[in-house]
Amino acid sequence: MSDYNPKFIEQKWQRRWTDQRVFEVREEPGRPKYYCLVMFAYPSGHAHVGHVRNYMIGDVIARMKRMRGFNVLHPFGWDAFGLPAENAAIKHKSHPEIWTRENIAHMKGQLQRLGISYAWDRELATCDASYYKWNQWLFLKMFERDIAYRRRSTVNWCPGCSTVLANEQVVEGGCWRCGSVVEPRDLEQWFLRITQYADALLDGIGGLDEWPDKVLTMQRNWIGRSEGARVRFSVDVGDEGAESIDIEVFTTRIDTICGATFVMLAPEHPLVDRFADEASDAAAFLKRVQQFRSQDRTDRLTGAVEKEGFDTGRTAINPFTGQSVPVWIANFVLAEYGTGAVMAVPAHDQRDFEFARKYQLPVEVVIQPETGVEMIPLDGASMEEAYAGPGRLVNSGEFTGRSTEGAAAFMALAAESKGVGRPEVQFRLKDWGISRQRYWGTPIPIIHCDTCGQQPVPYEDLPVELPAVDEFTGRGDSPLAQIPEFVNTSCPSCQGPARRETDTMDTFVDSSWYFYRYCDADNETQPFDPDRVDYWTPVDFYIGGVEHAILHLIYSRFFCKVFKDLGQISHDEPFTRLLTQGMVLRDGAVMSKSKGNVVDPDEMIGRYGADALRLYETFVAPPEKELEWTDAGLEGSYRFLTRVWRLVTAVCPVVDQVSRPDLATLRLDDDHRALRRKTHQSIRRVSADLDPRVHLNTAVSALMELVNELYLFCDQHNLAPRSVNRAEEFGTVVAVQTRAVLAEAVDTLVLMLAPFTPHLSEELWEQLGHPGGVITADWPECDPIVAKDDALVVPVQVNGKLRARLPVASDVSDEDLRATALAEPSVQLHTKGKEIVRVVVVKRKLVNVVTA
RNA sequence: GCCGAGGUGGCGAAACUGGCAGACGCACAGGACUUAAAAUCCUGUGGUCCUAUGGACCGUGCGGGUUCGAUCCCCGCCCUCGGCACCA
27 MSDYNPKFIE
37 QKWQRRWTDQ
47 RVFEVREEPG
57 RPKYYCLVMF
67 AYPSGHAHVG
77 HVRNYMIGDV
87 IARMKRMRGF
97 NVLHPFGWDA
107 FGLPAENAAI
117 KHKSHPEIWT
127 RENIAHMKGQ
137 LQRLGISYAW
147 DRELATCDAS
157 YYKWNQWLFL
167 KMFERDIAYR
177 RRSTVNWCPG
187 CSTVLANEQV
197 VEGGCWRCGS
207 VVEPRDLEQW
217 FLRITQYADA
227 LLDGIGGLDE
237 WPDKVLTMQR
247 NWIGRSEGAR
257 VRFSVDVGDE
267 GAESIDIEVF
277 TTRIDTICGA
287 TFVMLAPEHP
297 LVDRFADEAS
307 DAAAFLKRVQ
317 QFRSQDRTDR
327 LTGAVEKEGF
337 DTGRTAINPF
347 TGQSVPVWIA
357 NFVLAEYGTG
367 AVMAVPAHDQ
377 RDFEFARKYQ
387 LPVEVVIQPE
397 TGVEMIPLDG
407 ASMEEAYAGP
417 GRLVNSGEFT
427 GRSTEGAAAF
437 MALAAESKGV
447 GRPEVQFRLK
457 DWGISRQRYW
467 GTPIPIIHCD
477 TCGQQPVPYE
487 DLPVELPAVD
497 EFTGRGDSPL
507 AQIPEFVNTS
517 CPSCQGPARR
527 ETDTMDTFVD
537 SSWYFYRYCD
547 ADNETQPFDP
557 DRVDYWTPVD
567 FYIGGVEHAI
577 LHLIYSRFFC
587 KVFKDLGQIS
597 HDEPFTRLLT
607 QGMVLRDGAV
617 MSKSKGNVVD
627 PDEMIGRYGA
637 DALRLYETFV
647 APPEKELEWT
657 DAGLEGSYRF
667 LTRVWRLVTA
677 VCPVVDQVSR
687 PDLATLRLDD
697 DHRALRRKTH
707 QSIRRVSADL
717 DPRVHLNTAV
727 SALMELVNEL
737 YLFCDQHNLA
747 PRSVNRAEEF
757 GTVVAVQTRA
767 VLAEAVDTLV
777 LMLAPFTPHL
787 SEELWEQLGH
797 PGGVITADWP
807 ECDPIVAKDD
817 ALVVPVQVNG
827 KLRARLPVAS
837 DVSDEDLRAT
847 ALAEPSVQLH
857 TKGKEIVRVV
867 VVKRKLVNVV
877 TA
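First residue of the first sequence: 27, per this note's numbering; consecutive thereafter.
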C-alpha cells in the first residue's frame, strides 16, 4: 500500500484528460444537454482561492451532471479587454496585449492544475479580433435599429491625465491615479437604448424563479419603474400674446396636486438660462445657479449637500387649482430624472416640507388621514412633518372627498382630458453609455463624414482592428485619436475623406453575450449558428459573484432580448438558474492583493493537492455563503482524503478485482445489510444534496459519514485499514458476502467523490479494477428497498419534552406505538398522578403524551 | 429611511414539509500504538446542577403568540451583512 501522493496522481490524470479530450462536447440531438457556466475571468494576473471557489462549484455540478448522463457544456474564457491592461502598459512601457496574454497563460495554468473539467477547445478571449468583430457586428445591427445612438452627455474628465475616467475610477471626486479633482465635461457619447426594454426586463424578472431573491430585488430597484403623471404648469409671461412657456413636471402623487404651492426646477433645467436672461439682475441670478451647478456631482446625487434654492421671481399656474405659484430653483432637483422639474407639495412630501419651512412657503393640506390614533385633522401651519400616507382628499375641488386609493390614476386621466398632462411611467434605468476614450477595447465601427454624417462600417470590412501602438503614455485624448493612420479613412458612402470613431466599447458589451459564442466559438461567418445555440441554451446553471447582480446580469438579459428580436435565438431569458457564491475571507476580510491576505491555489496544491483544496472549498460552507479561510480546515480535508486513500487501497486486495459478487444472490447478515443500507442511504442523500439543492457541503458530510461507517465495518471484520497488518493475512479468505458489500460501498464512495476530488477518484477507480474512467461511469442509483430502515427509533415526548426513545419495527402500527409508549417506565414516571388528556401519534415518527 | 438576507456550541456549520436541536468538520481533552515523537486509530466534547455507568433543568438574538409540539409559522423589538437611497 503506497501513500496518497496527490502531486503524482493529479498530474497523471490531468494529462490523460487533456490527451483524450474528454471534456470536449458536440451537440447530440436527443440527448439531454446541460449548460453549466461560470462567469469568465478578468485576467488580472494571479487567481487566488477566492476566485477559484466559483470554478470549483461549477465543476462539481458539471461533473455530477455528466455522470448522470447529460451532455454537459462547461466552457471557460477571458474577459480580456479593460483598463488595468492599459494602465499596466503605461507603467511598464509595454503593450496591453502582452500583459493580458501573459496573465491568461498563468491563470489558465492555475485552473488546469485544479483539474477543472473545461472544454478548453472553446476557450475565447474578448480581445481576440475573432471575438470583438462580432461586438461590432452586433453594434451595427443595433445602430440600424436605432438601439445604438450618439448624443452629448456629461463625463468625468481628469485634467491631470487629460483623459476621461469611468465612474468607478473616480475616488471621492478625484482621479484614482493622479488625484486631480475630476471635472464634468460634455462629450459626444454612444449609448445603447436599454430603456426601450425596461418593461420587458422588469416583466422577465417574474419568470426567474431559480434566481436568488436578492438579485431580483436589486434588478427591480435598478430598473426603478415608477408610475405617475406628467403635468404642465404654464408660466406667467406677463404680456398678453407673448409666446407661452410651460414647465412640465413628473409626479407620482398627482392626487396631491391641489396642495402644490410652488414649482422647483433643477439648476440644469433648460428654462433656467432663459429665466436668468430675463431676470432683473441677470448676473446675480446666474451666479446663484452656477453655485448649484458646481456643487459636487456625487454629493448632489446622494443628498450630502444641504437643500437650498431661490425664487426665480416667476410664477406658474397650477392647472388643477388655477392658482399662481412661485417657481424656484432647487439644488436637489435632478435634471436627469423625470422632466427635471417637480411640483412641490409640502404638506405631503417630506423634502418639499423641509424646503417650504426653510423659505416660509405655504403648506396646504389636501389629504386628511382617516385612521390612526389621534384623529386631529392636519393643519398646514402647525404640522411638523409631511403626511405621505393614505387618506381622503380635501380642498381639491371636484376631487374632494375621494379616497387616495386609486385617486392618482384617476386624476392622471383627468389631467389628460383637461389637456394639461397625461399618465406616464418613468424609469430609474438610464440608457447605457458605452463610449470609452480608451485603447484596450472594441473599436466602435462608425465613420464620421462631413457630408454624409455617421456612417456604419460595412459588414464586409469588419473587424475594425485595433491598430498597433508603440508606446502607451496615458497622455492626451483617446489613444486611438492620436493615430492618424487609424483615424483617417474614406466615407463608405461618398468615398470622400472621413474620420473613424475613436471611442471603444465598454467591456460590459463583451461580457453580455460571450455565453452564446461558447456554443459556436470558432464561427467565422456569424456570431454563432442559431441552431447550435438553440441546442445548448439557455444556460441551465450560472455561477458567479453577486457583485454582478446588476450590471452584467441586466446587460446580458438585454442582449438576449435584442438577439431574439434579431431572430438569432429563441428563448426569452439567458440564464435559467443563478447561484451567487459567497466570497472567501481571511482574517475577516475579503482577499485582495492590497490587503496582503491572498492565498495562492498553487501553494495549497503544492502542500495538499488540488483535490484537498477542491474538497475544502466545497465542504466548509454552503456555496452561497461567505467562507472564512483556515489552513487547519484545509488540512482536515486533506486528512479525510488520506483516510479515503488508505481505506480503498487497503480494501482493494479484498474486493474481487475482476467481477463483483452478485449481491442479489447472497444471503446477508445484519451487519452486511447495515452497510448496504448506509451505502444506499448515502446515495440518496448525496444525490439530493447535489441536485437540485446544490448543498455541496452537506453532500460531503454524507460521504464522510459513509467513510466513518466503512472504517467501523472494517474494524468489526478484522480488515484493513484499521488492522493494517492483518489485511494481507485475511484478505484472501474474507467471506464473499463481506467482499460484496464492501465492494459496493467502496465503488459508490469513489463514484460520488468524483465530482469533488476527480483525480483521487480516477486513481482509486482504476485500482479497484474498473475499466474506463470514472468520468464515463454512471452515477450510482439508490435502491429504496435496500435503503429502508428495518428498525426505527421513535422518540416519545410527554408534554413536548423528550422522555424516551423506542426501538420498534419499521411497520409498527399507530396502536402498538401508542401502547408501547404509554408502557414505557419513563413515560409512566412523568405522567404519574396526572390525567392523560391526549396522545398524539405521528406515524412512525413520534409519540407525544399530553397530560392535563 | 426603504428593500433583501441572516443571527444555532470554543469555531465553520447541519436539521429537506411544524416532529429526537447541534449531523459532518475544525479545535480541544483522554486513551491505544511507539524507546520517544509525528502520523494513525479509538473515545469524549452545548450549559448548569444533582444523591452521577443515571438523572433534572436550561438552551437556536430578545419579548410575546399560535400549536399536543416552534430553529422553522405569526406579531413586536434588537443586532449583523448586502443592496438602493433627495428618483419627485
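Note that the Cβ used here is the ideal one computed from N, Cα and C, for glycine as well.
Nearest to residue i (by Cα), restricted to the options the options
{"i": "residue 233", "options": "598, 302, 790", "result": "598"}
{"i": "residue 379", "options": "365, 405, 360", "result": "405"}
{"i": "residue 47", "options": "143, 707, 74, 135", "result": "143"}
{"i": "residue 32", "options": "184, 788, 133, 149", "result": "788"}
{"i": "residue 805", "options": "357, 793, 706, 842", "result": "706"}
{"i": "residue 132", "options": "807, 170, 668, 71", "result": "71"}
{"i": "residue 411", "options": "402, 393, 373, 613", "result": "373"}
{"i": "residue 651", "options": "518, 498, 570", "result": "570"}
{"i": "residue 451", "options": "413, 278, 214", "result": "278"}
{"i": "residue 37", "options": "703, 289, 637", "result": "637"}
{"i": "residue 736", "options": "710, 721, 703, 713", "result": "703"}
Inter-residue Cα distance where the pair is residue i and residue j
{"i": "residue 540", "j": "residue 553", "result": "10 angstroms"}
{"i": "residue 878", "j": "residue 846", "result": "21 angstroms"}
{"i": "residue 603", "j": "residue 697", "result": "42 angstroms"}
{"i": "residue 642", "j": "residue 371", "result": "59 angstroms"}
{"i": "residue 838", "j": "residue 822", "result": "14 angstroms"}
{"i": "residue 754", "j": "residue 766", "result": "Confidence in residue 754 is poor, its pLDDT being 47 and thus under 50, which makes the residue's placement too unreliable to answer from."}
{"i": "residue 817", "j": "residue 582", "result": "54 angstroms"}
{"i": "residue 14", "j": "residue 221", "result": "Any answer about residue 14 is impossible in this case: the structure gives the chain only from 27 up to 878."}
{"i": "residue 749", "j": "residue 741", "result": "The predicted model places residue 749 with a pLDDT of 44, which falls under 50 and marks its position as unreliable; any figure quoted below should be read in that light. Between residue 749 and residue 741, the C-alpha separation is close to 7 angstroms."}
{"i": "residue 23", "j": "residue 281", "result": "Because the chain in this structure spans residues 27 to 878, residue 23 falls outside the shown range and cannot be described."}
{"i": "residue 102", "j": "residue 126", "result": "16 angstroms"}
{"i": "residue 120", "j": "residue 493", "result": "15 angstroms"}
{"i": "residue 161", "j": "residue 316", "result": "41 angstroms"}
{"i": "residue 313", "j": "residue 359", "result": "18 angstroms"}
{"i": "residue 384", "j": "residue 290", "result": "14 angstroms"}
Proximity test, residue i beta-carbon vs the ligand NAD heavy atom, cut-off 7 angstroms
{"i": "residue 707", "result": "This structure does not include the ligand NAD; it has no bound ligands of any sort."}
The beta strand (DSSP E) enclosing residue i, as first and last residue numbers
{"i": "residue 821", "result": "817-824"}
{"i": "residue 183", "result": "174-184"}
{"i": "residue 448", "result": "447-453"}
{"i": "residue 215", "result": "209-218"}
{"i": "residue 255", "result": "251-261"}
{"i": "residue 271", "result": "271-277"}
{"i": "residue 950", "result": "Only positions 27 to 878 of the chain appear in the structure, and residue 950 is not among them; the question remains open."}
{"i": "residue 868", "result": "862-868"}
{"i": "residue 48", "result": "No beta strand (DSSP E) contains residue 48, which DSSP labels as neither H nor E."}
Run of the alpha helix (DSSP H) containing residue i, from where it starts to where it stops
{"i": "residue 533", "result": "533-536"}
{"i": "residue 784", "result": "784-793"}
{"i": "residue 830", "result": "Note, residue 830: premise wrong, no alpha helix (DSSP H); beta strand (DSSP E) at 827-835."}
{"i": "residue 558", "result": "556-562"}
{"i": "residue 631", "result": "627-634"}
{"i": "residue 744", "result": "No alpha helix (DSSP H) contains residue 744, which DSSP labels as neither H nor E."}
{"i": "residue 387", "result": "Counting along the chain, residue 387 falls outside any alpha helix (DSSP H), and DSSP gives it neither H nor E."}
Sheet register partners of residue i (DSSP bridge)
{"i": "residue 290", "result": "354, 368"}
{"i": "residue 474", "result": "480, 525"}
{"i": "residue 341", "result": "352"}
{"i": "residue 103", "result": "150"}
{"i": "residue 571", "result": "607"}
The region 463-472 / the region 100-108 touching (three or more Cβ pairs under 8 angstroms): Counting C-beta pairs closer than 8 angstroms gives three or more between the region 463-472 and the region 100-108, which meets the contact rule.
Does the region 446-455 come within contact of the region 248-263, defined as at least 3 CB pairs closer than 8 angstroms? Enough Cβ pairs lie closer than 8 angstroms, so yes.
The region 74-94 / the region 54-66 touching (three or more Cβ pairs under 8 angstroms): These segments touch.
With three or more C-beta pairs closer than 8 angstroms as the rule, is the region 599-619 touching the region 574-582? Three or more Cβ pairs drawn from the region 574-582 and the region 599-619 lie within less than 8 angstroms of each other, which places the two stretches in contact.
Count the C-beta pairs between the region 71-83 and the region 137-153 that are closer than 8 angstroms, then say yes if the count reaches three, no if not. Yes, since at least three Cβ pairs between the region 71-83 and the region 137-153 fall closer than 8 angstroms, the two stretches touch.
Determine, using beta-carbon pairs with one atom in the region 543-550 and one in the region 475-489, whether at least three such pairs fall under 8 angstroms. Counting Cβ pairs under 8 angstroms, fewer than three are found: no touch.
Are the region 158-167 and the region 651-663 touching, with three or more C-beta to C-beta distances below 8 angstroms? No: the two stretches stay apart, fewer than three of their Cβ pairs being nearer than 8 angstroms.
Okay, do the region 524-534 and the region 502-514 touch, 3+ Cβ pairs below 8 angstroms being the bar? With a cut-off of 8 angstroms, the region 502-514 and the region 524-534 count as touching, because enough Cβ pairs lie within range.
Check whether the region 329-346 touches the region 302-316, taking contact to mean three or more Cβ pairs, one atom from each stretch, closer than 8 angstroms. Pairwise C-beta distances place the region 329-346 in contact with the region 302-316, as three or more of them are shorter than 8 angstroms.
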